[in-house]
Structures are given as structure tokens and as C-alpha cells.
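Numbering (my numbering), first residue to last: 524 to 1168.
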């Protein structure tokens, strides 16, 4: 079919005879969608968008075309624009399930769920309101709200009597939402909303003069992850009046300050089976497959101190609700203080060398993570805590512990770590356990010179203790980074046992006795119960059974298949580090070299990606795990499996 020519003819016919619209509507939709797919595959973006614009001129109220336009825009990264088309499709047809699902998906992208949790946090709102009201009433009359979100802090300032209020918000969706919220509260004349990053604000281009008060809540579970340090350094240098000097009195609008004023970060070492399950592979053998020592699995929330990549070094959990709970192995300890009203301190955070911290263990258990929270001091009276014992909109930052020789701790031992603020993230690295016996050995070696400790060598001793068990990867090790869901899956023995039993069952149905030649028209087994349409073949003992795993992400299921007889397993993993790890696992389990093939390796031609292993063979089994942890079906994997079948 030449869909491009057909589409052009439809446009011509409908321009000459618009009365035919209703008669050809469905075939026009089909032609448009097919032609759009071809244009998309050829990366002809402008032509694709032009076709949809022409189609919407002819059928402005067609929900199918609106939805399809939204899908293409979303794939191109234009999520705000896509949301508009999905929303229009739903309004045109409230029962259009595809459009509804698309709209909810893009809405989750654009308005993250924490906005709702945050706005429902009454305590947080009341304390911020009180602190802003106190500042404005004491003379801080010009206000800049950085990262305005829905504009709630700006409205607190205006309601408190601020003369001029400016608010900047980078997200187009949140900016438009803030405009609606501010207008609904009849404050649009008193609050100037700016759709931009605070780092791009200029005086007098965007705001007429420096402000006396900056309010912000650009803090995440690890405090620094939303860029508060960078944005406040810029604000102090370019947007805020200079801070109050010692002993300075008079008009508050002559100097500047920030809400929140400061923060103290706290931590605690914990045992937590749920965190361990998602961040540490705790098995050496999975249904007969041996995991070799030279493959080190790590979650993305773990990196070495010399890792150059800027990766969020923690995950987050609501520790009070984590399944199975947790056990505190140390007392709560202070990690760091930061003064948001001190420009020099903010600047030194990023360049400061890591601090070593050594904390005594108070309870026996397995070290699984260091949990972190903070107390946000808004001013000298008002504060907010994100502690696990508080019911707030914030979760706690979790630094999983990985790659230790031994995770067991007891009272008398110590946990050591290094803390810093690198790449605008709070980083806690080189976490290790120091037993009482090891501590005594190191101390003994340092105190051979009786004057050593008294001559100011305590820091050197602490450093020696902290580095005692810090592990670095050996040259022969393969680091394999897996998502937390992939690690949890590797730790799931019933999952692998279930797949192994299912594969055994299918293999038993594919014995030579049950296969027959295609020339026998009465053969009832031409299409086998495996659902793969394995026909027109003769199975002989010299030919292997072909198994393809199209599951998303890292999977050892093809290796398990390879242990079940004369099998040629194929994996569809795409990352090089995953392929290397699977090769090493195959080698450790005495698979002949080349037994495990990678379906997508060295494939440049997209049409060749889904080819069978041999022209005269079909897959005996296609393995697919299509259910996301949320319960949704991954449509792309279903399509991949359908094509490969």
C-alpha cells in the first residue's frame, strides 16, 4: 500500500467534495495513521506534523486524530503539547479509553504526585505561612519565590502584605497551573509569574530591582537534590539585597534574607530487609545457576567516590511505612549543617573535601542502609523535620550499603563513612563496618609513638579507621548496574523456579515422538501447545530447541533454559555491561562459549532485529515478563513478542 499517495488523494477529494467527510472518515483515519508511522520511521518530523495539522483542519473534532497527534508529540518529547491533544480527545469522547490512559500517563509526567502530597501537608503549609508572614510583617516587603510550583508561597507573601511578589517556575505545566491558581485567588495583579529558571533571571529585564526576601522549598529528600545551593548562590549574587551585617538595625527592606534560613542533616544506620531485597543480590545460586564472585551487582543508588557521573546517589522511602519495618543500629547522628543566609558557606559546600564520620553501633544486626533526613529551620522560631517519626510530605533519603565483606554489626563496632556535597547532591560514600578488634589493631599501631595522638593526629587515625574496609573493584571484576526492581527479581527464587518448571513442561511436549513432518496433513501437532506456531519442521536429536527471552531488562532466564537440555538460548538485553555479566555467568556455569546468543547484538538494520535464528527454525519458547511492578502491561514487549512469534 502507498499510504502517502492515498493520503494526498483523500485531501484532494475532501477539499473538492467536503460532503463526503462522514463516508470516508474511518478509512481516512486509517490512511493518516499508517502514513504517519512511515514518516515517523523516516524521521520526517515536519511532514508528519504537517499531515496532522491538515487532518485536524478537515476533522477538528475527531478524537482519534487528536489522540494520535498527542502520541507522536509525546514520543518527540513535547509532553505539554501532547497533554493538550489527549485532553481534547477525552473531552470529545469521555469513553475513549486510549485517550484517557494517555492523558493520565502524561499528567503523571507533568504534575508529579508529590505536588498533591505536599499541598495536603497542612503542617508544612501552616509553618511556611507563619514564617513568611513574620518576615513580611517585620519589613521584608519585596519577595521572590524560587520554584513556585502552584504559587502557594507567593500567595502567602501577598496575603501577608508584601508590596511586590515575583515567582519563577521552569515547568510550563506548573507555570500555567500557578497562573490559574493565582487568578482563582484574585491575586494575579499582585504576583508577577515568570516561566523561567531563577538562574536566568536578570535585573531589570525580568524584575525591576533586588528583593529583600527569597522564599523557596526546592528541597528533596536529600536536601540538595533540587539545586537549592546553586539557585541561592545565584540569588545572593544577582537577585537579593546584601545580607544583614552584625549590629545593623533599621529598615528590613535594605538587606536580604532567605526562607528557609538553615538546615541540619541527620542520619541513622539501619537494618531493613526490604531495602536489602532491592539493592543487594543476596544469593550465590539461583535455581541451579551459580553467580560468580567476579560479577558485582550494584543498584544505581551506589557509586564510588571517584565516579565522574552525576547520578542521584540515593533512593527514597517512607521509612515509617516500609514493608517489614526497620531496625535502628545506631543512634541518630548529625551529618552536616548548612546556612542558606551565608554565601561563602554555600560556595564552599561544593568544593569542600569529604568529612569522615565514625558512629558507634548500639544494636546487633545487618547493615543495609544509612537513612537520612533533615530539620529545615525557616527562621529563629519556625522549623520543619522530615524525620521518619514525623508525618510529612517528604520521604527519607536512603543510601543502600553494598559491596562489604561482612554486613553484620554488634555493639562496640563502628560504622564509618565519608560525607560531602558533590555535584549539588548529598553524597554518603565509603560506608564500612569497623569491628572492635580491628579498631584496637589500628589504634595500637598508631599509638606506638606515645605522643602521636596528643600531637594532633586524631584526624589521621579516623581516616585510617574509615578506609580500613573501603572496597574498590578489582581489575578482573565486572560491575553490573541493575535497577532496584531487577535486583529484587534476581532475589526472587519462586519467580525463577516457576519459569524453570514452565520451560521444562514445554520442552517435554516438544519431544521427537510428538513432532511430525508437514507432509502428513492429519498431524494434530502441527501447532504445538507452546503457542509458537512451531510447524513445517522435523525435530531431530541433533537440532537444539531455540529459546528467546524478550523480557525487559536484565534476566538470567535464558541461562536457566540452557541447563534444561539441548537448548540454544537467546537474550534480548541491550546494555553491554549486562551482556558481559551474562557471558561471565554462562562461563561460571560451564556453558560452552557462544551457547548464549544476544538477539540484538551488532544489528544495525531495524528490519533484521526480529529475525529468527535460522531460516528453517522457529522459536520453541518465547519468554516474556510484561507486567510492571505497578501492574500495568508493557505494550512494547507484547508487540516485540508478537513480531518474534
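Glycine residues also receive a C-beta, built at the ideal position from the N, C-alpha and C atoms.
Rounded to the nearest angstrom, how far is the Cβ of residue i from that of residue j, given a contact under 8 Å?
i           : j            : result
residue 943 : residue 1023 : Wrong, their Cβ atoms sit about 45 Å apart, outside the cutoff.
residue 756 : residue 742  : Going by Cβ atoms, the distance from residue 756 to residue 742 rounds to 15 Å, so no, they are not a contact pair.
residue 569 : residue 534  : So it is not a contact: roughly 17 Å between Cβ atoms.
residue 734 : residue 669  : Going by Cβ atoms, the distance from residue 734 to residue 669 rounds to 10 Å, so no, they are not a contact pair.
residue 815 : residue 1111 : 4 Å
residue 890 : residue 834  : Residue 890 to residue 834, Cβ: 22 Å. No contact.
residue 714 : residue 688  : 5 Å
residue 940 : residue 880  : 5 Å
residue 839 : residue 918  : 4 Å
residue 579 : residue 537  : With 8 Å as the limit, residue 579 and residue 537 do not qualify as a contact, their Cβ atoms being about 13 Å apart.
residue 927 : residue 955  : 6 Å
residue 716 : residue 683  : The Cβ separation is near 18 Å, so there is no contact.
residue 777 : residue 766  : In fact, because the Cβ distance is near 11 Å, the residues do not count as touching under 8 Å.
residue 951 : residue 930  : About 16 Å; that fails the 8 Å criterion.
Report yes if the C-beta distance between residue i and residue j is below 8 Å; otherwise report no.
i            : j            : result
residue 663  : residue 785  : no
residue 782  : residue 859  : no
residue 1070 : residue 1144 : yes
residue 847  : residue 796  : yes
residue 861  : residue 872  : yes
residue 812  : residue 1103 : no
residue 820  : residue 845  : no
residue 817  : residue 1107 : yes
residue 692  : residue 672  : yes
residue 633  : residue 603  : yes
residue 658  : residue 629  : no
residue 1121 : residue 1009 : no
residue 1026 : residue 1087 : yes
residue 1092 : residue 1082 : yes
residue 619  : residue 590  : yes
residue 1097 : residue 1157 : no
residue 558  : residue 526  : yes
residue 824  : residue 837  : yes
residue 594  : residue 615  : no
residue 599  : residue 575  : no
residue 1101 : residue 1003 : yes
Compare the C-alpha of residue i against each of the options and name the closest.
i            : options                  : result
residue 642  : 674, 1108 and 536        : 674
residue 802  : 1117, 1012, 902 and 736  : 1012
residue 793  : 658, 1106 and 888        : 888
residue 958  : 1020, 882, 1000 and 1030 : 882
residue 609  : 600, 599 and 588         : 588
residue 644  : 679, 696 and 914         : 914
residue 904  : 606, 655 and 613         : 655
residue 1147 : 592, 740, 711 and 1018   : 1018
residue 678  : 758, 1114 and 712        : 712
residue 1089 : 1097, 1033, 898 and 573  : 1033
residue 666  : 685, 648 and 586         : 685
residue 680  : 616, 648 and 573         : 648
residue 746  : 1151, 696 and 899        : 899
residue 822  : 842, 841, 799 and 843    : 799
residue 740  : 850, 825 and 652         : 652
residue 744  : 936, 842, 614 and 1031   : 842
residue 531  : 554, 611, 1015 and 543   : 554
residue 597  : 937, 631 and 1016        : 631
Going by DSSP, name the residue or residues bridged to residue i.
i            : result
residue 893  : 792 and 922
residue 900  : 785 and 906
residue 779  : 766
residue 737  : 667 and 781
residue 931  : 889
residue 813  : 808
residue 1020 : The partner list for residue 1020 (beta bridge, DSSP) is empty, contrary to what the question assumes.
residue 937  : 883 and 957
residue 942  : 878 and 951
residue 510  : The question about residue 510 has no answer, for the chain in this structure spans 524 to 1168.
residue 1093 : 1071 and 1120
residue 840  : 919
residue 687  : 665
Run the proximity test for residue i: is its beta-carbon closer than 7 Å to any non-hydrogen atom belonging to the ligand ADP?
i           : result
residue 647 : Ligands are entirely absent from the displayed structure, and the ligand ADP is therefore not among its contents.
Counting Cβ pairs closer than 8 Å, one from the segment 898 to 918 and one from the segment 757 to 766, do we hit at least three? No: the two stretches stay apart, fewer than three of their Cβ pairs being nearer than 8 Å.
If contact is defined by three or more beta carbon pairs under 8 Å, each pair taking one atom from either stretch, is the segment 942 to 957 in contact with the segment 808 to 818? Verdict: no, contact absent.
Does the pairing of the segment 622 to 630 with the segment 891 to 904 give three or more beta-carbon distances under 8 Å? Output reads no: the segment 891 to 904 does not touch the segment 622 to 630.
Give a yes or no on contact between the segment 727 to 745 and the segment 694 to 705, applying the rule of three or more CB pairs nearer than 8 Å. No, they do not touch.
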